Amino acid sequence: MERLCLIFCIFLTHCYASEEDETSSSKLNHTKDHGLHIAKFDFELVQTPYLIALWILAASVAKIGFHLAPSLNTIFPESCLLIFVGLIVGGVLAFVGENPMSLTPHTFFNFMLPPIILDAGYFMPNRLFFDNLGTILLFAVVGTLWSTFAVAGSLWGLSSWMGGFGGKELPILQCLLFSALISAVDPVAVLAVFEEIHVNELLYIVVFGESLLNDAVTVALYEVFEEYAIMGPDNVSAFEILKGFGKFPVVALGGTFIGIVAGLAIGFVTRLTTNTRVMEPLVIFVMAYLAYLSAEMFHLSGIMAATFCGLTMKNYVRANISQKSLTTLKYSMKMLSSGAETIIFIFLGVSTVNGDHVWNTTFVVATISFCTLYRAVGTFALSWIANHFRLEPIGGVDQFVVAYGGLRGAVAVALVLLIDKNATLFDEKLRSMMVTTTIAVIYFTVFVQGMTIKPIVEWLHVTKSEKRKPTMNERVHEKTMEHLMTGMESIAGHMGKYNLRAKLRAINDSYIKPYLQRCENGVDAKDTKILETYSKLMMEDMKTVTIMGPGGKQLRHQDSVMRAKKRLHIDDGIGTSDTNEDQAPDVVKMDELLEKGLQEKNAYRRCSYSRHSLQDTDAQAMLDLRLNLKSAPARKKGELAKMRQWKTVDVEDDGAHCSMLLQRRCSEGGQSSTTDLNKKTPKKEAGRPPRSAPPVGKSSVSQFKFDTASSIPEDDEENVFEDGPGAMKRSGSLGNIN
Amino acid sequence: MGSRPSLLLRDEELAEIQKETGFTANQIERLYSRFTALDKTATGALSREDFLRIPELAINPLGERIVMAFFRHSDEDRVNFRQFVRVLAHFRPLKKSRANALNSREGKLKFAFKLYDLDDDDRITKEELLAVLQMMVGENISEDQLMSIAERTILEADSDGDGMIGFEEFCKVLDRSLVEQKMSIRFLN
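From first to last, the protein sequence lines are chains A and B. The opening position of the first sequence corresponds to residue -14 in the numbering used here, with each subsequent residue numbered one higher. The opening position of the second sequence corresponds to residue 118 in the numbering used here, with each subsequent residue numbered one higher.
Here it is in structure tokens:
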């Protein structure tokens, strides 16, 4: 939020200079009367933040409004509507005589773009991205290069053939500069449109990845051509051109390097935040932002830096920070990015009204058609190349959508406004013409392509994505397949993607993870993904249960019991002894979770204010903890049997206790919480087997109960007192959990 | 490449393998050189030890299972080149033009299924699933948890209620997963 505020500070300070004059004259009046004012009007005092807040409010209201009008949303993509609102606002401001503020490149690159890119990098499906990295890079690097040079060449050719556009001769270097900025597909616009249409994963990642990674090419080309344009065509020697070629890998790899370093640093820092949970999201944001700024400082690709920072930190951060912090992180990231995106589009509209425009139909039409044409040609040619190396070829329909989905956006506007006056030979008219044309291209791609892409996707029957969580089976079997493929690749002596991934994972596990990931949680299980899926599914079960209430639980219970019975019936001959207990963990877990859910409501009431901590009793967190905390030694078969036997007792006990709890809860209603808790705690202690139980017998069931108990907030003194012997242990384990 | 003399296969044998597996001659040639490289004893067949000597395979949690898959259809404890290629043919990318029983979706799924199914009775029991889970997830997770995961997995897939996952059930739960792509290797030419 601070960042958003800052954004506006910058522009509003100069844009509202005129208003300041008015207010300062009113200030003069104030100084005349000397009496004490109980209240007085002093807009100047709050002007800048006030206007910023108003802008954000306007953007939010516009966004909220569109989502309330369902019919509007089906026809227009949101970005179109936002630009439209911007146009209206700009028009009104211009009509009133207020100079509408335009989106300054400085504001855009420093404050608006980073949250969007970081968000994109953080929520990037890593797997998908790296699986298709070759294709993405091909499109981003070769595609952008091709498009830049082809558009520039064609524009220059047309210009010299026609004797210039509107009497303006367009020299080759200015052509190149212009086409470098107009050829880059814009991550903001692409994301905004593709978010809504849910195309299939492959299509999404190709367009999305391209829009992120082509920034490296764009930055390099833009700066190189700007330099050349300033130097003038006569001074560009072969050596300079060679240096230009050298710039590209430096910009791309440098940005990536900074991003990765920052991501690792974030991992390291969040490893140490056990006692300062509230600082976690802040540290992450600030460090990621610094990565972006550092890259920009060296004129490297900030977009690449932010993307790779998000990609890198994701894994470590997820394991390190608390569940609540993670939720905060995700939500604030989403909030910042969608806020910034909304504001960008509105400002795009506003800044269209503003500024001197030089419209040249030939130039505009030529640019739009060359851009579209070469994008299509490039996409088809590159897909043809890519399909020779891909297991899953990019189909013709998909190719079309990739070509058609190459939207241009605010990055182009910001870049065109940034063009150095020297680079356009001090020709204001030429500059204005470029600005106008850039805006025209953006309007064309965002409005025409953005509005038609949805019907086209439907009409062409492009496979849509189905967003869903993997089922347990998919997770387990896909994991198996992965190991199988890794094995097969190594047998066939082929260094394929599976083998590569296995290698990287091994390096990460042995050299990087131990330093960056909190390890006191004992997260050295090899495959946490399976556990993660499991805990997520359990969570969902819990949610349905809590929503459906006790009745629902009963239903569920019956269902699983029925299944268990059914199975028992069939299994009878083979494994009689096992079946009953095997069903148990599932049911038990439901009970535990349910109990947990009830307890949480109690925790609500005992909330006390603290600036430094929140009560972190998230059921999901507990579940994660429970799944991760385990560093139980491997058990031998015999011990296991003994343990199971013991567990059944506990299980039955616990189940009965839980249903009792439930019944009581139902009868007493919502207000019973405190008394309920008082009764509950000793009860649970009683339900627990004596402490002299063999250490092996410490099954996950009791362990979980233990965790649950310790999740009760620290300030709950009565609980500690009541618990007697258990209290010591609990307070001991508190440190681990919070 | 193109080092024909190094290939000790007769032409008709090559053609046969080509027909059976769908590999191109170049791919077979490449695989043959890999085969001979693995065959340390130079007996023209691979033993379990030959496989397990591959460093990556030795650390693969399912390494032994994968090696077992090679020996599934041979009574001996050695695998000759044809058997070797036949197993690998399951992982040829599926292209409509060159479909074949081995690398079809079903063939691929069957192969994965057989990794679990130790006793070859076309069913994955809870114990079999648990064994694989243990290999993959590692020792640090308690057996109860793995057991509940296995439970849940079976419960989810088990549509006929026999407490096991049959092959049809296995195919059904993986309906939406892109097995054709996941279980393919782009064998080099």
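Backbone N, C-alpha and C define an ideal beta-carbon position, used for all residues, glycine too. All of these numbers come straight from a predicted model, not from anything done at the bench.
Express the C-alpha separation of Ala273 (chain A) and Phe253 (chain A) in angstroms, rounding to a whole number. 13 Å
Can you tell me whether Tyr724 (chain A) is buried or exposed? The criterion is at least 16 other CB atoms within 10 Å of its CB, across all chains shown. An answer regarding residue 724 (chain A) cannot be provided, because it is not within the stretch -14 to 723 covered by chain A.
Using the DSSP secondary-structure output, state which residues sit across from Gly283 (chain B) in a beta bridge. B:Arg240
Where do the ends of the alpha helix (DSSP H) carrying Asn199 (chain A) lie? 186 to 216
So which of A:Thr203, A:Val396, A:Pro455 has the shortest CA-CA distance to Val426 (chain A)? A:Val396
Which whole-angstrom value is the C-beta distance of Phe374 (chain A) and Gly119 (chain A), which I expect to be below 8 Å? 7 Å
Check the DSSP bridge columns for Ser164 (chain B) and list the partner residues they point to. B:Arg195
Under 8 Å: do the stretch 382 to 402 of chain A and the stretch 356 to 368 of chain A share three or more Cβ pairs, one atom per stretch? yes
Below-9 Å beta-carbon distance, Phe114 (chain A) vs any chain B residue: no
Using three-state DSSP, classify Phe61 (chain A) as helix, strand or coil. coil
Can you name, in chain order, every residue of its own chain whose Cβ lies under 7 Å from the Cβ of Leu226 (chain B), other than the five neighbours on each side? Phe287, Cys288, Leu291, Val296
Does any residue of chain B have a CB that is nearer than 9 Å to the CB of Leu314 (chain A)? no
Chain A partners of Ser294 (chain B), CB-CB under 7 Å? Glu459, Glu463
Leaving out five residues on either side along the sequence, give the residues of the same chain with a beta carbon under 8 Å from the beta carbon of Phe144 (chain B). For the sequence presented, residue 144 (chain B) should be read as Gln rather than Phe. Closer than 8 Å at the Cβ level, and outside the excluded window around Gln144 (chain B), lie Phe304, Leu305, Asn306.
Just checking: is the beta-carbon of Leu227 (chain A) within a distance shorter than 9 Å of some beta-carbon in chain B? no
Among all the DSSP beta bridges, which residues are the ones paired with Ser150 (chain A)? It is Phe, not Ser, that sits at residue 150 (chain A) in the sequence shown. Paired residues: A:Lys153.
If you draw a straight line from the C-alpha of Leu155 (chain A) to the C-alpha of Asn58 (chain A), how long is it? 41 Å
For the stretch 322 to 340 of chain A against the stretch 57 to 73 of chain A, are there 3 or more C-beta pairs whose distance is under 8 Å? yes
Alpha-carbon to alpha-carbon, Glu195 (chain A) and Val173 (chain A): 12 Å
Taking the continuous alpha helix (DSSP H) assigned at Trp40 (chain A), which residues delimit it? 28 to 53
Which residue from B:Ile266, B:Met300, B:Gln298, B:Phe284 puts its Cα closest to that of Thr456 (chain A)? B:Ile266
Looking only at C-alpha atoms, which of B:Ala206, B:Pro178, B:Glu173 sits nearest to Gln135 (chain B)? B:Ala206
Following the continuous alpha helix (DSSP H) through Val335 (chain A), name the residue where it begins and the one where it ends. 308 to 338
Looking only at DSSP bridge pairs, what is Lys449 (chain A) linked to? A:Val184
For Phe187 (chain B), is the classification buried or exposed, using 16 other Cβ atoms within 10 angstroms of its Cβ as the cut-off for buried? buried
Within the same chain, show all residues whose beta-carbon is closer than 7 Å to that of Gly472 (chain A), passing over the 5 residues directly before and after it, in chain order. none
Inter-residue spacing [alpha-carbon to alpha-carbon] between Tyr233 (chain B) and Arg262 (chain A): 43 Å
Considering only the beta carbon of each residue, do Leu140 (chain A) and Val338 (chain A) sit closer than 9 Å? no
In angstroms with no decimal places, state the Cα-to-Cα distance between Thr312 (chain A) and Ile306 (chain A). 10 Å
Cβ of Arg503 (chain A) less than 9 Å from any chain B Cβ? no
With a cut-off of 8 Å on the beta carbons, I'd call Leu206 (chain A) and Ala399 (chain A) a contact; round off their distance for me. Wrong, their Cβ atoms sit about 15 Å apart, outside the cutoff.
Would you say Ser475 (chain A) reaches chain B, if we count a Cβ-Cβ gap shorter than 9 Å as a contact? yes
Any C-beta of chain A within less than 9 Å: which residues of the stretch 170 to 202 of chain B qualify? Ile171, Pro172, Glu173, Leu174, Ile176, Asn177, Pro178, Leu179, Gly180, Arg182, Ile183, Val184, Ala186, Phe187, Phe201
Taking the alpha-carbon of Gly224 (chain B) as reference, which of B:Ile241, B:Glu285, B:Ala162 has the nearest alpha-carbon? B:Glu285
Where Asn143 (chain B) falls: helix, strand or coil (DSSP): helix
Nearest-angstrom Cα distance between Thr422 (chain A) and Phe179 (chain A)? 24 Å
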